[in-house]
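Going down the list, the sequences are from chains A and B. Quick note: the first sequence uses our numbering, first residue 281, plus one each step. Quick note: the second sequence uses our numbering, first residue 945, plus one each step. Here a beta-carbon is modelled for each residue, glycine too, at the ideal position from N, C-alpha and C.
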Amino acid sequence: MLEIMKQPWPWYLAGPLIGLTVPALLILGNKSFGISSSLRHVCAICLPSKIPFFQYEWKREVWNLFFTSGIFLGGMIAAYHLSDHARVKIHQDLVNELSVYGVTDFSSTVPKDLVSWGKLMTLPGMIMMIGGGFLVGFGARYAGGCTSGHAIMGLSTLQWPSLVATICFMIGGFAMANWILPAILTL
Amino acid sequence: MQNNKPGTTIEADHELRAMDAICINESQNRHKWYYNFKYLVAGAILGIIFVKAEVISWFRIQEMFRLQSFHMYGIIGSAVLVGMLSVGLIKAFKIKTVHGENITFTKKKFNKGQVYGGLLFGLGWGLTGACPGPLFAQIGTGATVVIVPLLSAVAGTWVYGRFRTQLPH
């Protein structure tokens, strides 16, 4: 059993399990699945700065911080106890494309040739880590949710604004991966 | 706590928390803080799935945006189907929470932020190869440098809150 769990899980197992997070949180305490809101709560706790958007009773939303801490913990458990240390099998076209930009290390969840402490002061590294993170945080709140809140929770409850948001997430991602990122990697 | 008065204060607070957030706490119950550990467990299970299904891999996300793999589409698609079915069952059978509370859903109103913010989020997703959930899980797996995009995402959230009223919605 543990040996099977240590292999990478197929989509038809992982997808439904992720989907079950929706009823799990609702039944555990009437909570809507969402992750990016945790970033807002961090702002409300640490640096509200009299900004109305951060003036709310964050103590009521602490569950969300427990939930995201759990995701961190789950990452640790999976990496240290449930890993077979096999590298992710990547499509050959992507391998070829990335090797042009000098990306040849596929051993981590992030491309170590671009995303590492040593690359933080390079222009592509700065754009990917600092710029990318900023856009994720800013965009998620501007859109009112991220992949979990809109694409999974929002679509599960048949909300069409969430469909609009999800389509825009994909358009942005397609544009970045196919056109903008290649330009950044040649900087 | 100053908001224990019934009526306007709580409603105003709910309104504010619901602003630009699909995920808000609908529960009227007030539990002791350690009740939150059940959400830690739920999160841990989700984090394990994220890692084991390679959802947190930058390379998997790049494959998705280049249409080189069905993997991520299969995951998101089947997750949404199971979520829809579960919500349908909860509504049909009026299933209550473990504390006997009714389960409620809020309608999300459309605003332009879902388009502008969505596009910006997508651009960021294509760069980091991770949406907020996987960022937490990546740090857990030992990719400590991901602390940088995570802190940057907090900064992005703060800047949005600061300039919210000047942005088109």
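{"query": "Same chain only: Cβ atoms within 6 Å of lysine 399(A), ignoring 5 sequence neighbours per side", "result": "Gly405"}
{"query": "Proximity winner among Asn458(A), Ala431(A), Trp459(A) and Asn310(A), relative to lysine 1038(B) (alpha-carbon distances)", "result": "Asn310(A)"}
{"query": "Proline 950(B) - DSSP class collapsed to helix/strand/coil", "result": "Low per-residue confidence applies at proline 950(B): pLDDT is 43, beneath 50, and the placement is therefore not dependable enough to give any value."}
{"query": "Helix, strand or coil at proline 311(A) [DSSP, three-state]", "result": "Looking at the sequence shown, residue 311(A) is not proline but lysine. Lysine 311(A) falls in the strand class under three-state DSSP."}
{"query": "Serine 1030(B) beta carbon less than 7 Å from that of proline 296(A)", "result": "no"}
{"query": "Residue-level contact to chain B via CB, alanine 423(A), 7 Å cutoff", "result": "yes"}
{"query": "Where asparagine 1055(B) falls: helix, strand or coil (DSSP)", "result": "coil"}
{"query": "Exposure label - tryptophan 977(B); buried when at least 16 CB within 10 Å", "result": "exposed"}
{"query": "Residue-chain proximity (threonine 466(A), chain B), Cβ-Cβ < 7 Å", "result": "no"}
{"query": "Test item: CB-CB of phenylalanine 346(A) and asparagine 969(B) under 7 Å", "result": "no"}
{"query": "Limits of the unbroken alpha helix (DSSP H) element including leucine 282(A)", "result": "282-286"}
{"query": "Alanine 294(A) and glycine 1062(B) closer than 7 Å at C-beta", "result": "no"}
{"query": "Lysine 1040(B) (DSSP reduced to helix, strand or coil)", "result": "strand"}
{"query": "C-beta neighbour in chain A for lysine 949(B), strict 7 Å", "result": "For lysine 949(B), the pLDDT reaches just 41, beneath the cut-off of 50, and the residue's location in the model is therefore unreliable, leaving the point undetermined."}
{"query": "Segment limits, alpha helix (DSSP H) that includes phenylalanine 352(A)", "result": "342-361"}
{"query": "Residue nearest to glycine 452(A) in terms of C-alpha spacing, selected from His958(B), Val1103(B) and Arg1010(B)", "result": "Arg1010(B)"}
{"query": "Neighbourhood of valine 375(A) by C-beta, 8 Å cutoff - its chain only, sequence neighbours within 5 removed", "result": "Phe386"}
{"query": "Pairwise C-alpha distance: asparagine 1055(B) and proline 441(A)", "result": "8 Å"}
{"query": "Closest by C-alpha distance to glutamine 439(A), when choosing among Met1028(B), Phe1065(B) and Gly1105(B)", "result": "Met1028(B)"}
{"query": "Contact set for proline 462(A): own chain, Cβ-Cβ below 6 Å, skip 5 residues either direction", "result": "none"}
{"query": "Valine 444(A) to histidine 430(A) span [Cα, whole Å]", "result": "9 Å"}
{"query": "Cβ separation of isoleucine 1034(B) and leucine 306(A), assumed to be a contact under 8 Å, to the nearest whole Å", "result": "6 Å"}
{"query": "C-beta neighbour in chain B for tyrosine 381(A), strict 7 Å", "result": "no"}
{"query": "Proximal residues, the region 992-1005 of chain B versus chain A, C-beta separation under 9 Å", "result": "Ile992, Ile993, Phe994, Val995, Lys996, Ala997, Glu998, Val999, Ile1000, Ser1001, Trp1002, Phe1003, Arg1004 and Ile1005"}
{"query": "The region 347-355 of chain A contacting the region 990-997 of chain B, beta-carbon criterion three pairs below 8 Å", "result": "yes"}
{"query": "Lysine 311(A): contacting residues in chain B (beta-carbon distance under 8 Å)", "result": "Cys967, Asn969, Glu970, Ser971 and Tyr983"}
{"query": "Same chain only: Cβ atoms within 6 Å of asparagine 948(B), ignoring 5 sequence neighbours per side", "result": "For asparagine 948(B), the predicted structure reports a pLDDT of 42, less than 50, and the residue's modelled location is therefore unreliable. The matter cannot be settled from this model."}
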